Amino acid sequence: MNNKNHIITLCFAVAILLAGCGVLYDFKPIKQFDQKEYDKMITFVIDRDFKINPIVSEYEQFDAYRTCIQDSLWQHQTAVQPVQILYFKKDSLLSYHINCTAKGGLSNLNWNTDQRFETFPPATAVPITPQMQNLSKIRDIYGINDDSEYLIVVFWTNMLPKISKSAIETVKTNLRENGAVNKAGLVLVNTDKFYVTP
């Protein structure tokens, strides 16, 4: 792990312990991309009822996503959050969630804080600015060719397997309970390599 990534991981661990992210929920430092752990998670969350596209992000891809908005505060505080959920309608960002906007419970985060996920698309947790529409570049960065009416991207990591699972399951529940399963493609992007690439 290079110095920058080590600092990012350390800062995140401290932040999740001491500030806005609640207590430490099953945080697991990772030293390398672990194919077996990745496969285990994908096997757990894959569901034939949903159109799911799993992707392993390279370091350069997540870095391109993180920097597609030219705002240092966004790049270093929001975009680098390990677990993120983005809802798009075509190229328009409608709803955006990061782990630090979900309230902590006894053993996990509540992504449905303030009943955000009771509707489809969910109420956004992070205010969406015109500049944030640049996030539609995700399609090009990751070569996503999904033509569904809605595209949902979940960034997840094996550093936080429990929170990652709950984020993915929250999205699936949101789609199922709002009759939107056939309206959306779900892209699951693992970002482990961003945190461990030397």
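Quick note: the sequence shown uses the working numbering, first residue 11, plus one each step. C-beta atoms are modelled at their ideal positions from N, C-alpha and C, and glycine is treated no differently. All figures in this text were calculated on a predicted structure; none of them were measured in a lab.
To which residues of the same chain is residue i closer than 7 angstroms at the C-beta, ignoring the five residues directly before and after it?
i: residue 126; result: 132, 133, 135
i: residue 68; result: 203
i: residue 44; result: 168
i: residue 178; result: 55, 164, 166, 198
i: residue 72; result: 201, 204
Can you name, in chain order, every residue of its own chain whose Cβ lies under 8 angstroms from the Cβ of residue i, other than the five neighbours on each side?
i: residue 113; result: 32, 119, 120, 123
i: residue 143; result: 101, 102, 103
Helix, strand or coil for residue i per DSSP?
i: residue 178; result: helix
i: residue 196; result: strand
i: residue 102; result: strand
i: residue 54; result: helix
i: residue 152; result: coil
i: residue 122; result: coil
i: residue 94; result: strand
i: residue 41; result: coil
i: residue 173; result: helix
Select from the options the residue whose C-alpha is nearest the C-alpha of residue i.
i: residue 41; options: 175, 156, 167; result: 167
i: residue 181; options: 149, 57, 110; result: 57
i: residue 150; options: 177, 53, 78, 111; result: 78
i: residue 205; options: 160, 157, 70; result: 70
i: residue 74; options: 62, 89, 194; result: 89
i: residue 128; options: 66, 162, 189; result: 189
i: residue 183; options: 140, 46, 130; result: 130
i: residue 140; options: 81, 50, 47, 49; result: 81
How far does the beta strand (DSSP E) with residue i in it reach, from first residue to last?
i: residue 71; result: Here residue 71 belongs to no beta strand (DSSP E); instead the alpha helix (DSSP H) covers 69-76.
i: residue 165; result: 160-166
i: residue 61; result: 61-66
May I ask which residues mark the beginning and end of the alpha helix (DSSP H) holding residue i?
i: residue 138; result: Counting along the chain, residue 138 falls outside any alpha helix (DSSP H), and DSSP gives it neither H nor E.
i: residue 206; result: 202-206
Residues in the same chain with beta-carbon distance under 6 angstroms from residue i, minus the five sequence neighbours each way, listed in chain order, please.
i: residue 196; result: 60, 62, 162
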